[in-house]
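Asks: Residue numbers (the working numbering): -1 to 278.
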Amino acid sequence: MAKLVGGICCSHVPAIGAALDLGKTQEPYWTRVFSGFEKSKEWFRQMKPDVCIVVFNDHATAFSMDIVPTFALGCAAEFPPADEGWGPRPVPVVKGHPQLAAHIAQSVINDEFDLTVVNKMEVDHGLTVPLSLMFGQPEEWPCPVIPLAVNVVLFPPPSGKRCFDLGKAIRKAIESYPEDLRVVIFGTGGMSHQISGPRAGLINSEFDKAFLDSLAGDASYAKDIKHVTYMREAGAEGIEMVMWLVARGAMDAKVEEKYRFYTVPASNTAVGHIILENAA
Ligand code: DHB
Ligand code: FE
-1 MAKLVGGICC SHVPAIGAAL DLGKTQEPYW TRVFSGFEKS KEWFRQMKPD VCIVVFNDHA
59 TAFSMDIVPT FALGCAAEFP PADEGWGPRP VPVVKGHPQL AAHIAQSVIN DEFDLTVVNK
119 MEVDHGLTVP LSLMFGQPEE WPCPVIPLAV NVVLFPPPSG KRCFDLGKAI RKAIESYPED
179 LRVVIFGTGG MSHQISGPRA GLINSEFDKA FLDSLAGDAS YAKDIKHVTY MREAGAEGIE
239 MVMWLVARGA MDAKVEEKYR FYTVPASNTA VGHIILENAA
């Protein structure tokens, strides 16, 4: 049977992708950010996942404001990098896993999660930047990726609790898939940031660190944070953190924290990262 071997959470920032693509990772502004992901690359080399499920958000790239699904599962064989206004990132096409994705869609619908099935999608920095941080700049991504897009751009986004429960349903789906696959789930986006309006530049490290502590524990505080609290404490874009709760919900109640990294800022954003494994 398939097995969930780990959960990782990390921020996405378009400027991180640009720094990688333009060869600027050694510039003083960027060295600390990139140094924080060296251990994660090693963790992935040892973990050797067969498939990654990447919970991410689209930034009005694949989904215009005409149609915004709350939860959309990528069931296609391929997901090309999107052009977000300055050309597609020079990163590999993301190869999907249509069989496992179809199984997840069927399994979670029996747990009352009706996902939008997406058979064609270009993926923006929300998906490609976390892949770059974990895998560097390879010719091909090391394994297939199932994208799960969560609406955090148009009110109302799903609650953290709903995201956590979706994670639990995804875990059941993974464990009922008959092939012996090693699966890692990513929660991406966040941490605190606000990129426009009078509070642009807001970062709240205390809030971010409490969130990380909660994820490493039983997540009972983090999963019950309300929309208005994210908005007030973590800025307008802090709501991206609900995507981390999908990954945490998929893990066991008790987890082991393997690695943590936190730095501010990268562009406007507090960059956080945590690697969790199910406690033995
Ligand atoms: C930034 C952060 C984001 O999450 C995003 O989607 C776009 C920009 C930023 O910090 O610049
Ligand atoms: Fe974002």
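Idealized CB from N, CA, C, for every residue including glycine.
Nothing here was measured: the structure is a model prediction, and the numbers come from that model.
My understanding is that Phe77 touches Pro128, with C-beta atoms under 8 Å, so please give their C-beta distance in whole angstroms.
Replies: The pair is not a contact, with the Cβ atoms about 14 Å apart (cut-off 8 Å).
Asks: With a Cβ-Cβ cutoff of 8 Å, do Lys256 and Leu274 count as a contact?
Replies: Yes, these two residues count as a Cβ contact at 8 Å.
Asks: Could you give the DSSP three-state label for His123: helix, strand or coil?
Replies: DSSP places His123 in helix when its eight states are reduced to three.
Asks: Can you tell me the Cβ-Cβ gap for Lys207 and Tyr260, rounded? I've got them flagged as a contact below 8 Å.
Replies: Indeed, because the Cβ distance is near 7 Å, the residues count as touching under 8 Å.
Asks: Beta carbon of Ala60, beta carbon of Glu120: below 8 Å?
Replies: A contact, by the Cβ cut-off of 8 Å.
Asks: Pick from Ser105, Leu125, Val226 and Val89: whose alpha carbon is nearest that of Glu138?
Replies: Looking at the Cα atoms, Val89 is the closest of the given residues.
Asks: Please work out which residues of its chain come closer than 6 Å, Cβ to Cβ, to Ser265, disregarding the five sequence neighbours upstream and downstream, and give them in chain order.
Replies: These residues qualify, in order along the chain: Val11 and Ala13.
Asks: Taking the alpha-carbon of Lys46 as reference, which of Asn149, Val226, His225 and Phe133 has the nearest alpha-carbon?
Replies: The residue with the shortest Cα to Cα distance from Lys46 is Phe133.
Asks: Would you say Gly187 touches the ligand DHB, meaning its beta carbon is less than 7 Å from a heavy atom?
Replies: Gly187 Cβ: within cutoff of the ligand DHB.
Asks: List, from N- to C-terminal side, the beta strand (DSSP E) runs of 3 residues or more that fit wholly inside the stretch 137 to 176.
Replies: If we require 3 residues or more, the beta strand (DSSP E) runs fully inside the stretch 137 to 176 come out as 143 to 148.
Asks: Does the beta-carbon of Ser203, which I'm using as the reference point, lie nearer than 7 Å to any heavy atom of the ligand DHB?
Replies: The answer is no for Ser203.
Asks: On the CB-based measure, 16 or more other CB atoms within 10 Å of its CB, does Ile183 come out buried or exposed?
Replies: When all chains shown are included, Ile183 counts as buried.
Asks: Can you tell me whether Met249 is buried or exposed, with buried defined as 16 or more other CB within 10 angstroms of its CB?
Replies: So Met249 ends up on the buried side.
Asks: In terms of residue numbering, what span does the beta strand (DSSP E) encompassing Gly270 cover?
Replies: Counting along the chain, the beta strand (DSSP E) containing Gly270 begins and ends at Thr267 to Asn276.
Asks: Determine the burial state of Arg87: buried for a count of at least 16 other Cβ atoms within 10 Å of its Cβ, exposed for fewer.
Replies: Counting Cβ neighbours within 10 Å, Arg87 comes out buried, since at least 16 surround it.
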